[in-house]
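Chemist: Structure below; questions to follow.
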Amino acid sequence: MMKYAKVIIDAALNTNTTSTLDCAWDYLVPPNLNVIRGSCVIVPFGKREIDGFVVDVKEQTDIALDLLKPIKRLATNFVIKTELLDLLPQICDRFKLRAIDVLKLYLPSTIRKGKPKRNGKRRVPIGIEKTDHNVVLNAEQQHCVDTVLSQPDKVFLLKGVTGSGKTEVYMHIIKKVLEAGKTALMLVPEIGLTPQVLANFKARFGDVVAMLHSKLYGGEKFDEWLRVEQGTARIVIGARSAIFAPLENIGAIIIDEEHDGSYQSDSNPRYLTHDIAIMRAKANHCPVVLGSATPSVQSFYLTQQGQYQLLELTKRVNNVPLPKIELVDMANEIRSGNGGIFGNEVLAELLQTLRQRRSVMIFLNRRGYSQTVRCLQCGWSAKCENCDVSMVYHKDDEQLKCHYCAARMPFPSRCPQCGSTYIKHGAMGTQKICAELEKLLAQSNLYVPVLRMDTDNTQAKGALVKILEKFASTAPSILVGTQMIAKGHHFPQVNLVIVVNADGGFVSDYRSAERTFALLTQVAGRAGREIGSAGKAYLQTYMPNHYVYKFIQNYDYNGFYQREIAARQATKYPPFATIVRVLVSGMVDTKIIEVIKQMMQPLRQYDGEKQAFIYLGAMKCPYGRLQNKYRYQILARIKQDVVEQTVNFMDKCIKQIEQQPIARSVKIFFEINPSSLS
Ligand code: ADP
Ligand code: ZN
Ligand code: ZN
10 MMKYAKVIID AALNTNTTST LDCAWDYLVP PNLNVIRGSC VIVPFGKREI
60 DGFVVDVKEQ TDIALDLLKP IKRLATNFVI KTELLDLLPQ ICDRFKLRAI
110 DVLKLYLPST IRKGKPKRNG KRRVPIGIEK TDHNVVLNAE QQHCVDTVLS
160 QPDKVFLLKG VTGSGKTEVY MHIIKKVLEA GKTALMLVPE IGLTPQVLAN
210 FKARFGDVVA MLHSKLYGGE KFDEWLRVEQ GTARIVIGAR SAIFAPLENI
260 GAIIIDEEHD GSYQSDSNPR YLTHDIAIMR AKANHCPVVL GSATPSVQSF
310 YLTQQGQYQL LELTKRVNNV PLPKIELVDM ANEIRSGNGG IFGNEVLAEL
360 LQTLRQRRSV MIFLNRRGYS QTVRCLQCGW SAKCENCDVS MVYHKDDEQL
410 KCHYCAARMP FPSRCPQCGS TYIKHGAMGT QKICAELEKL LAQSNLYVPV
460 LRMDTDNTQA KGALVKILEK FASTAPSILV GTQMIAKGHH FPQVNLVIVV
510 NADGGFVSDY RSAERTFALL TQVAGRAGRE IGSAGKAYLQ TYMPNHYVYK
560 FIQNYDYNGF YQREIAARQA TKYPPFATIV RVLVSGMVDT KIIEVIKQMM
610 QPLRQYDGEK QAFIYLGAMK CPYGRLQNKY RYQILARIKQ DVVEQTVNFM
660 DKCIKQIEQQ PIARSVKIFF EINPSSLS
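Start counting the sequence shown at 10; every next residue gets the next number (my numbering).
Encoded structure:
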């Protein structure tokens with residue numbers, strides 16, 4: 010009996026066609042080849058040979074036999090796990106993705122291409138490990154572990170302040186899961202995947218722990234992945250893409266710091282890790298635990314709706330108090346003649362802390378900072394009149410634009426509020442801060458090491474660990490860094506945390522306040538982690554009256570949530586609406602504009618009939634040209650009660666356009682509630 014394979018091919022890989030349509034073709038399976046569902050194969054395609062994935066093996070085909078070509082060979086002996094293959098249609102449908110892009114996540118190219126010759130050397134000093142195997146859980150922790158393990162089909166949101174023992178809860182869940190003969194998957198934000206985390210898990214569980222993330226060298230990645238695939242590693246700790254790890258018989262999926270933006274990919278293929286985790290958990294009949302000190306509004310909302318179950322850890326282990334958080338009005342500092350980086354009181358406290366031989370962390374919130382426009386004299390910032398979000402500076406045409414409506418204004422030469430000309434956009438770098446600090450310290454005859462940690466100087470392998478170890482072993486010292494220093498680190502000697510520009514997270518995004526709340530709460534939590542030490546955090550801001558700061562100061566998550574969810578309901582933002590962006594990019598902007606026009610037509614018509622959109626518009630992206638490609642977008646805010654059919658309609662419009670010649674030279678990406686609109 011002849012066998013035929015349905016193969017999804019990677020046609021775009023070797024041609025200039027960029028259609029986002031999937032190509033599935035039937036091929037003949039040669040009798041000597043062991044091709045099964047999930048195999049990765051090399052097939053003839055035109056005059057070339059390309060990669061393909063077998064999604065079905067069958068005994069009949071509709072294709073005329075003389076047109077059928079045989080599969081050439083296996084690309085690799087690895088086979089995609091059945092569970093993941095079964096989820097393929099669901100994942101493609103949820104996120105409107107091409108199957109080929111998802112299949113490539115299942116079997117990454119590192120794996121398909123075989124182990125690279127140049128092997129990375131194994132993990133480099135791996136930091137300060139904790140080996141306390143005998144932690145006895147407190148009652149709250151034990152309750153969490155028991156609840157999770159007794160209800161395998163549920164999704165839990167574990168809310169607990171930093172240092173309340175969440176990691177310890179994860180470890181106990183994992184221990185039980187392993188004892189039951191199952192495997193466990195724990196995701197951590199990319200940035201939080203410190204050597205410390207791995208060291209702690211290795212110390213506790215030994216060699217069954219594998220780590221999967223983007224910083225691994227090819228050879229290492231291959232080895233770690235292989236250990237998972239073969240079942241020798243039964244615990245996977247990894248960043249976002251590790252959600253596709255080839256684990257079988259999963260007993261628990263944990264997403265730590267679930268609010269973190271890195272769980273949503275913002276390049277193709279775009280997916281949300283939580284949703285995939287829940288799909289995999291369902292297939293494995295296992296629980297999902299989403300953990301955070303500051304849950305995403307979306308996740309907390311789902312606990313209120315009864316879709317997730319809320320679990321709480323209400324106090325810090327050992328009752329170490331949370332640091333006191335002070336606001337510093339930087340506009341006031343300028344008015345009183347202090348134009349420096351630090352407020353007067355902040356500088357005094359900084360010097361005093363160092364004199365007491367305690368350490369300091371200085372945090373620079375740079376994300377999106379360069380996009381926001383602000384008056385340094387009075388703190389005014391450019392806000393959209395319609396949307397209550399900051400307007401975004403577009404360098405191209407020197408305009409400020411709102412990304413949620415059509416509002417725009419020229420970049421003001423004078424502040425509309427106070428008339429000053431101190432209007433700024435742009436970021437202050439860590440380097441500049443370090444230089445300034447060294448000057449200040451020398452003036453005070455204090456000579457303490459100033460360590461810098463940002464994406465520029467931590468690329469080299471081991472660089473990150475070196476800086477962390479130096480900081481950990483040198484007191485007093487100062488660590489200056491971006492988002493990177495916010496996550497997870499535990500340095501008992503740190504008494505003071507300074508956030509240079511707390512407002513930096515306020516970009517034109519309905520989630521700005523949420524992100525700011527999470528980030529600053531976390532940063533502040535780095536201070537005063539040792540019993541008996543009084544931690545303090547200063548937040549320097551130009552908008553001290555913004556409601557988010559009051560909630561941060563009071564560690565009032567619930568208050569913040571109530572305020573935020575009410576605002577979202579009133580203004581119709583997620584979870585009360587769904588935002589969709591259709592991004593079109595390509596080399597020729599007239600073609601992109603034509604594609605956008607053709608897509609908008611049926612959408613406008615649809616809206617006329619169904620009134621499905623709260624907002625629908627097309628515009629150039631804030632980054633109007635990236636890597637030589639022009640970028641335009643359609644933004645839609647869809648009413649929640651018609652979201653499914655409307656998303657499907659939009660997807661259909663895209664697929665239709667893609668079949669036309671005009672679409673050949675552009676790429677079209679579809680994003681649901683995108684993490685960034687840049
Ligand atoms: P979180 O993940 O919530 O920030 P961790 O789980 O890292 O908190 O716990 C903070 C510290 O407290 C760690 O050093 C951990 O080993 C310790 N710890 C956690 N639970 C207990 C416990 N029940 N008894 C003693 N120490 C604990
Ligand atoms: Zn607007
Ligand atoms: Zn002003």
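Just so it is clear, CB atoms sit at the ideal spot from N, CA and C, and this is done for glycine as well.
Just the C-alpha distance for Ile264 and Leu196, rounded to the nearest angstrom, thanks.
Modeler: About 5 Å.
Chemist: For ligand 3, which residues have a Cβ under 6 Å from at least one heavy atom, in chain order?
Modeler: Qualifying residues, in the order they occur: Cys384, Gln386, Cys387, Trp389, Cys424, Gln426, Cys427 and Ser429.
Chemist: What do you get for Glu354, buried or exposed, if any count of 16 or more other CB atoms within 10 angstroms of its CB means buried?
Modeler: Per the 10 Å Cβ criterion, exposed.
Chemist: Ligand 1 and Leu320: does any heavy atom of the ligand fall closer than 7 Å to the residue's C-beta?
Modeler: It does not: the Cβ of Leu320 is nowhere closer than 7 Å to a heavy atom of ligand 1.
Chemist: Quick check on Leu726: does DSSP put it in helix, strand or coil?
Modeler: Since the first and last residues shown for the chain are 10 and 687, residue 726 lies out of range.
Chemist: For ligand 1, is there any heavy atom lying closer than 7 Å to the beta carbon of Glu177?
Modeler: Under cutoff, so the answer is yes.
Chemist: In the DSSP assignment, what are the bridge partners of His268?
Modeler: Bridge partners of His268: none, in fact.
Chemist: Short of 8 Å in beta carbon distance, which residues of its chain neighbour Gly537, apart from the five on each side in sequence? Order them along the chain.
Modeler: Counting only Cβ-Cβ distances below 8 Å, and skipping sequence neighbours, we find Val329, Pro330, Leu331, Pro332, Val503, Asn504, Ala543, Gly544 and Lys545.
Chemist: CB Leu446 to CB Met462, shorter than 8 Å?
Modeler: Not closer than 8 Å, so no.
Chemist: At a cut of 8 Å, does the stretch 182 to 198 reach the stretch 252 to 269 through at least three beta carbon pairs?
Modeler: Counting Cβ pairs under 8 Å, three or more are found: they touch.
Chemist: Take Thr303 as the anchor and find which of Leu319, Pro296 and Asp162 has the nearest alpha-carbon.
Modeler: For Thr303, the nearest C-alpha among the options comes from Leu319.
Chemist: Bridge partners of Cys49, per DSSP?
Modeler: Phe62 and Thr85.
Chemist: Taking the alpha helix (DSSP H) that Thr91 belongs to, which residues open and close that run?
Modeler: Segment Thr91 to Phe104, the alpha helix (DSSP H) holding Thr91.
Chemist: What residue range does the alpha helix (DSSP H) around Lys661 cover?
Modeler: Lys661 -> alpha helix (DSSP H) spans Val652 to Glu667.
Chemist: Who are the Cβ neighbours of Phe253 in its own chain at under 6 Å, not counting the five residues just before and after it?
Modeler: These residues qualify, in order along the chain: Leu114 and Tyr115.
Chemist: Alpha carbon to alpha carbon, what distance is there between Lys105 and Glu236?
Modeler: The identity of residue 236 in the sequence shown is Arg, whereas the question assumes Glu. If you take the alpha carbons of Arg236 and Lys105, they lie about 32 Å apart.
Chemist: Identify which residue in Ser482, Gln642 and Cys153 has its Cα closest to the Cα of Arg366.
Modeler: Comparing Cα-Cα distances from Arg366 to each of Ser482, Gln642 and Cys153, the minimum goes to Ser482.
Chemist: Using DSSP's beta-bridge definition, name the partner residues of Ala33.
Modeler: Ile17.
Chemist: For His294, I'd like the list of residues in its chain whose CB is within less than 7 Å of its CB, leaving aside the five on either flank, ordered along the chain.
Modeler: Within the same chain, His294 has close Cβ partners Pro161 and Asp162.
Chemist: Is it the case that the CB of Thr303 approaches a heavy atom of ligand 1 more closely than 7 Å?
Modeler: No, the beta carbon of Thr303 sits no closer than 7 Å to any heavy atom of ligand 1.
Chemist: Taking just the CA atoms, how far does Asp65 sit from Ala672?
Modeler: Looking at the two C-alpha atoms, the distance is approximately 30 Å.
Chemist: Any heavy atom of ligand 1 closer than 7 Å to the Cβ of Leu373?
Modeler: Result no, Cβ not under 7 Å from ligand 1.
Chemist: Given this structure, state the Cα-to-Cα distance separating Met10 from Ala73, to the nearest angstrom.
Modeler: Whole-angstrom Cα-Cα distance: 16 Å.
Chemist: Can you name the residues that DSSP bridges to Glu321?
Modeler: BP columns for Glu321 point to Lys168.
Chemist: Tell me the rounded alpha-carbon separation between Ile643 and Phe679.
Modeler: Near 10 Å, if we compare the C-alpha coordinates of Phe679 and Ile643.
Chemist: Please list, in chain order, all residues of the same chain as Tyr551 whose beta carbon is under 7 Å from its beta carbon, the five residues on each side excluded.
Modeler: These residues qualify, in order along the chain: Met339, Ala340, Arg383, Gly388 and Asp512.
Chemist: DSSP state of Gln313, grouped into three classes?
Modeler: Helix at Gln313.
Chemist: Would you check if the distance between the CB atom of Pro204 and the CB atom of Val16 is smaller than 8 Å?
Modeler: No. Outside cutoff.
Chemist: For Ser399, is the classification buried or exposed, using 16 other Cβ atoms within 10 angstroms of its Cβ as the cut-off for buried?
Modeler: Buried, since its Cβ has 16 or more Cβ neighbours within 10 Å.
Chemist: How far does the beta strand (DSSP E) with His403 in it reach, from first residue to last?
Modeler: Counting along the chain, the beta strand (DSSP E) containing His403 begins and ends at Val401 to His403.
Chemist: Any heavy atom of ligand 1 within a distance shorter than 7 Å of the CB on Leu146?
Modeler: It does: the Cβ of Leu146 is within 7 Å (strictly closer) of some heavy atom of ligand 1.
Chemist: Is it true that the CB of Ala219 sits closer than 8 Å to the CB of Val178?
Modeler: Against a cut-off of 8 Å, the Cβ pair of Ala219 and Val178 comes out as no contact.
Chemist: CB of Val326 to nearest heavy atom of ligand 1: below 7 Å?
Modeler: Checking every heavy atom of ligand 1 against the Cβ of Val326, one is found closer than 7 Å.
Chemist: Please look up how many angstroms separate the CB atoms of Gly169 and Leu322, rounded, as I've assumed it's under 8 Å.
Modeler: The Cβ separation is near 3 Å, so the contact holds.
Chemist: Apart from the five residues on each side of it in sequence, which residues of its chain come closer than 8 Å, Cβ to Cβ, to Gly490?
Modeler: Excluding positions up to five away in sequence, the list reads Met370, Ile371, Phe372, Leu373, Thr439, Arg461, Met462 and Asp463.
Chemist: Please give me, in chain order, every unbroken run of the alpha helix (DSSP H) with length at least 4 that falls completely inside the stretch 450 to 515.
Modeler: Entirely contained in the stretch 450 to 515, the alpha helix (DSSP H) runs reaching 4 residues are, in chain order, 472 to 482.
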